[in-house]
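Protein chains in written order, with my numbering: chain A, 604 to 989; chain B, 60 to 346. Below is one structure, written out as structure tokens; comments come after it.
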Amino acid sequence: MRRLLTVFIALAALFAGPAPAATPGVTDDSIRIATIQDLSGPIAILGAPIRDGIVMRLDEENERGGVHGRKLRIAVEDSGYDPKKAILAARRLLGDGQVFAFLGNLGTPVVMATMPLIVEAGLPHLFPFSPHLATYAPTHPLKFQLFAPYRDYMDAAVRHLVGQNGYRRVGLLYQDDDYGLEVMRGVESGLAKRGLALVERTGYKRGTTDFASQIARLRAADCDLVVLATVVRETVAAAQEARKVGWPVDMLVTASGYSAQTHELGGAAVEGLYGVSVMPHPYPEGADGALNDWIQRYRTRYDADPNVWSAMGYDVADTFIQGLRAAGRDLDVAGFARAMASLNTTPGFLGGPTYHFSPEDHLGNRRGRMARIVSGRWQLVSDYLE
Amino acid sequence: MFAQVLLSGIANGCVYGLVALSFVLVFKATETVSFMQGELLMVGAFAAVLLVEGAGWPVLLALPVAVLALFALGALLEAVVLRRALGRPHLTAVLLTFGLGLALRGGVTMVPAATHQLHRLDLPLPGVIAIGPLQVAGAHLAVLVATGLACAALAAFFRFTRAGVALRACSEDPRVAALMGISPSRMHTLAWALGAALAGVAGVLLAPLTLVHPGMGLIALKAFPAAVIGGLSSLPGAIAGGVLVGVIEALSGLYLPEGAKELAVYGLMLLVLLMFPQGLGGRGATR
């Protein structure tokens, strides 16, 4: 079905011909896009700064006159992390016929529910905040992604750390859902390449409050590295439990734990924690030049410090703008998709990776960097890992 | 290691027990299983965070005020909503609590500061105390002590105060109690208010152990089996059930195969119900 659809869309794109007025969401002086965020649900902690980062980047472009003379407008919808609400929002936006593309939709359940509607309607589905394979593979002319699955990052991170620090007994604490299993696969494949296997694995359900038994179990297995497939709260709780019982084991957390909140809440317990960073955290202290300007602008605008999610939102919008520029003044979906499929971005001042797209590969980047909490803040301790 | 995990299980079990206690309190007085206790717990923790972070109150003042606020909230919900379910089938009240829980949670998530970051409630507690080979977290110790105090206070309330005795009378037989001059509707209010306050106590105790976030109420999923194991109508049974659930959960996580931990608690509930249909603390007549 999906393949048929791909063929159909490709044919439709071929025969669509030059009819600029018919491109949804595009007028002579504006381009309207949409994003579905979680602004009220369980990951609103990510959704709000992502939205702020995206909107800020678009507005900056508009102040400079827009892209090829077109101002950028965005419709922000709140899904509350609920696929049902997300589908309603997507239908509403698609029904208007006033949207050119969807940018940076947040949350795997939301993305899995809405992505088929969006690409079936013939709109680009760009850079969702969902590290799911289906967002870029198999290659679809309208799907583009910046963020690799956890598996890719964790495979490289585990290999790097084991190689560097010589760990022999690696254990895993994982959230018992898709996210945790995805990380587990990455850790296992990374270890296998070093001739190792997990010596212990122990799960927890979302909402778990106490990690005493999990930490005891990992300790009983005599682990020398514990990989945490956790989110911020559980990262802090697990590290605190280990330190409480006097176990100074090294720990590595996924990109989900790479947040300033981890060290703000975890304090001394998370000192030395390794993490995977896809985008560096924009710390105001020690920032200089363009980064410092950006932080000040963000603060003035939102009355809050930017975090790594604000930076990602900004980056997503920036990549979209680079794609629009490459597509030229005569803008239609097929032309934009062609331009995207050969885009090589220039890195920005935020310190994120460069993104390379090709007609065969619509995932812009597969590599993350190692970071470590030193003196109460994340510091990057490696280059991009192969 | 065994003792360490056991202790952690007991402390966690005490929080389950407190929430279970609030289930039981409400159930005894109103014969309603309240599905909003978890959300009340979350609201209690947020109330304390609001007072400390928002209003800048000292923690030791904020905690009792947050619990009192929950007491008032419980009374308010009863007066405005739950009272209307009196005399209707029990399911009405049960569904109302379910809806109120959703509303409470929705209300909290509407506040950006609540959802956009996790919060921490810093109690003036020692970090870790070494007792022999055991490393005891100050927060765990506080939970143990506070649970003991809360139980003692409740026991004293039910034994020595007029309101407590009246509440007991009402839950034994509301008609006879009414004939004796007790107002069942006021007792109804009191029961809901106390239930909410207990959930609030559990919330502020849980806050240092986990962090304060809108999903905290999920703990009620563990507290409910604790209440059932304890017999749903026995106050000591609820605490015992909670501690049992906490301990079983912790030890099964340590010794049983991966994944069994989540099943163990519910398995235990089924086993107890099979062997003791009244629950461990249940006695005598069924109604």
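Backbone N, C-alpha and C define an ideal beta-carbon position, used for all residues, glycine too. Treat the numbers as computed from the prediction; the structure is a model and nothing was measured.
Check whether residue i and residue j have beta carbons under 9 Å apart
{"i": "A692 (chain A)", "j": "I636 (chain A)", "result": "no"}
{"i": "V108 (chain B)", "j": "H199 (chain B)", "result": "no"}
{"i": "P284 (chain B)", "j": "V304 (chain B)", "result": "yes"}
{"i": "A832 (chain A)", "j": "G774 (chain A)", "result": "no"}
{"i": "I298 (chain B)", "j": "T206 (chain B)", "result": "yes"}
{"i": "G254 (chain B)", "j": "G133 (chain B)", "result": "yes"}
{"i": "Y753 (chain A)", "j": "G789 (chain A)", "result": "yes"}
{"i": "A1006 (chain A)", "j": "Q817 (chain A)", "result": "With chain A covering only 604 through 989, there is no way to say anything about residue 1006 (chain A)."}
{"i": "K687 (chain A)", "j": "H965 (chain A)", "result": "no"}
{"i": "L855 (chain A)", "j": "V761 (chain A)", "result": "yes"}
{"i": "I278 (chain B)", "j": "A261 (chain B)", "result": "yes"}
{"i": "V722 (chain A)", "j": "P627 (chain A)", "result": "no"}
{"i": "P734 (chain A)", "j": "E666 (chain A)", "result": "no"}
{"i": "G967 (chain A)", "j": "T949 (chain A)", "result": "no"}
{"i": "G290 (chain B)", "j": "F335 (chain B)", "result": "yes"}
Residues near residue i in its chain [Cβ-Cβ closer than 8 Å; skip 5 each side]
{"i": "F186 (chain B)", "result": "Rather than Phe, the amino acid found at residue 186 (chain B) in this sequence is Gly. Correct list, in chain order: A196 and G197."}
{"i": "F923 (chain A)", "result": "I636, A704, L706, L729 and F730"}
{"i": "A622 (chain A)", "result": "Unreliable positioning characterises A622 (chain A) in this predicted model, as indicated by a pLDDT of 44, which lies under 50. The coordinate reading is nonetheless provided below. Around A622 (chain A): D935."}
{"i": "I646 (chain A)", "result": "Y684, L709 and G710"}
{"i": "A344 (chain B)", "result": "Interpretation of A344 (chain B) is limited by its pLDDT of 39, a score under 50 that renders its predicted location unreliable; no figure is taken from the coordinates."}
{"i": "L953 (chain A)", "result": "M882, P883, P885, L894, W897, A914, Y917 and D918"}
{"i": "A201 (chain B)", "result": "L182, L184, L264 and P267"}
{"i": "R641 (chain A)", "result": "First, the amino acid is wrong: residue 641 (chain A) is Asp here, not Arg. Closer than 8 Å at the Cβ level, and outside the excluded window around D641 (chain A), lie A647, L649, G650, D681, S682, G683, Y684, L709, G710 and V713."}
{"i": "V331 (chain B)", "result": "V287, I288, G338 and L339"}
{"i": "T630 (chain A)", "result": "R673"}
{"i": "G620 (chain A)", "result": "Caution applies to G620 (chain A), whose pLDDT of 45 falls short of 50 and renders its modelled position unreliable; the value that the coordinates give is listed next. The answer is none, since no qualifying residue turns up."}
{"i": "Q982 (chain A)", "result": "A974, R975 and I976"}
Backbone secondary structure at residue i - three-state DSSP
{"i": "Y877 (chain A)", "result": "strand"}
{"i": "V802 (chain A)", "result": "coil"}
{"i": "R147 (chain B)", "result": "coil"}
{"i": "W116 (chain B)", "result": "coil"}
{"i": "E867 (chain A)", "result": "helix"}
{"i": "E680 (chain A)", "result": "strand"}
{"i": "K808 (chain A)", "result": "coil"}
{"i": "N665 (chain A)", "result": "helix"}
{"i": "G620 (chain A)", "result": "The predicted model places G620 (chain A) with a pLDDT of 45, which falls under 50 and marks its position as unreliable, so this point remains unresolved."}
{"i": "L354 (chain B)", "result": "Because chain B is modelled from 60 through 346, residue 354 (chain B) falls outside the range shown and cannot be assessed."}
{"i": "D908 (chain A)", "result": "coil"}
{"i": "L99 (chain B)", "result": "helix"}
{"i": "V629 (chain A)", "result": "strand"}
{"i": "F705 (chain A)", "result": "strand"}
{"i": "R673 (chain A)", "result": "strand"}
{"i": "A205 (chain B)", "result": "helix"}
{"i": "L649 (chain A)", "result": "helix"}
Endpoints, the alpha helix (DSSP H) within which residue i is located
{"i": "P829 (chain A)", "result": "The sequence shown places Val at residue 829 (chain A), not Pro. Here V829 (chain A) belongs to no alpha helix (DSSP H); instead the beta strand (DSSP E) covers L828 to A832."}
{"i": "K320 (chain B)", "result": "A319 to M334"}
{"i": "I898 (chain A)", "result": "G892 to Y905"}
{"i": "L775 (chain A)", "result": "Careful: L775 (chain A) lies outside any alpha helix (DSSP H), inside the beta strand (DSSP E) at V773 to Q778."}
{"i": "V302 (chain B)", "result": "L294 to Y314"}
{"i": "D921 (chain A)", "result": "V911 to A930"}
{"i": "G856 (chain A)", "result": "According to the sequence displayed, residue 856 (chain A) carries Val and not Gly. Segment D853 to V856 is the beta strand (DSSP E) holding V856 (chain A); no alpha helix (DSSP H) there."}
{"i": "D781 (chain A)", "result": "D781 to K796"}
{"i": "S862 (chain A)", "result": "Taken as a continuous stretch (DSSP letters only), S862 (chain A) belongs to no alpha helix (DSSP H), as it is neither H nor E."}
Residue i: first and last residue of the uninterrupted beta strand (DSSP E) it sits in
{"i": "R822 (chain A)", "result": "No beta strand (DSSP E) holds R822 (chain A); the alpha helix (DSSP H) holding it covers A815 to A823."}
{"i": "I634 (chain A)", "result": "S633 to Q640"}
{"i": "Q982 (chain A)", "result": "R980 to L983"}
{"i": "M973 (chain A)", "result": "R972 to V977"}
Spatial neighbours of residue i in its chain, beta-carbon cut-off 7 Å, leaving aside the 5 residues before and after
{"i": "A125 (chain B)", "result": "G103, A106, A107, L110, G259 and V263"}
{"i": "V167 (chain B)", "result": "M101, V102, F105, A173 and P273"}
{"i": "R846 (chain A)", "result": "A872"}
{"i": "D986 (chain A)", "result": "R972"}
{"i": "T248 (chain B)", "result": "A134, E137 and A138"}
Beta-carbon neighbours of residue i, restricted to chain C and to distances below 8 Å
{"i": "K808 (chain A)", "result": "The structure shown contains no chain C; the protein chains it does contain are A and B."}
Cutoff 6 Å; reference residue i; Cβ partners in own chain excluding five residues on either side
{"i": "D755 (chain A)", "result": "R969"}
{"i": "S81 (chain B)", "result": "Q96, G254, L257 and A258"}
{"i": "W850 (chain A)", "result": "R822"}
{"i": "A319 (chain B)", "result": "S311"}
{"i": "R346 (chain B)", "result": "In this prediction, R346 (chain B) scores a pLDDT of 39, lower than 50, which makes its location untrustworthy; no coordinate-derived value is stated."}
Contact test: residue i Cβ vs the ligand SAH heavy atom, cutoff 8 Å
{"i": "D755 (chain A)", "result": "Among the components modelled here there is no ligand, and therefore nothing to report on the ligand SAH."}
Jot down the residue ranges of each uninterrupted alpha helix (DSSP H) in the region 226 to 274 of chain B, minimum 4 residues, whole runs only, in chain order.
-> For the region 226 to 274 of chain B, whole alpha helix (DSSP H) runs of length 4 or above, ordered along the chain, are 233 to 238 and 243 to 268.
In chain order, which beta strand (DSSP E) runs of at least 3 residues are fully inside the region 123 to 198 of chain B?
-> Whole beta strand (DSSP E) segments, 3+ residues: 187 to 190 and 193 to 196.
Ranges of the alpha helix (DSSP H) found wholly within the region 709 to 775 of chain A, counting only runs of at least 4 | 711 to 723 and 753 to 768
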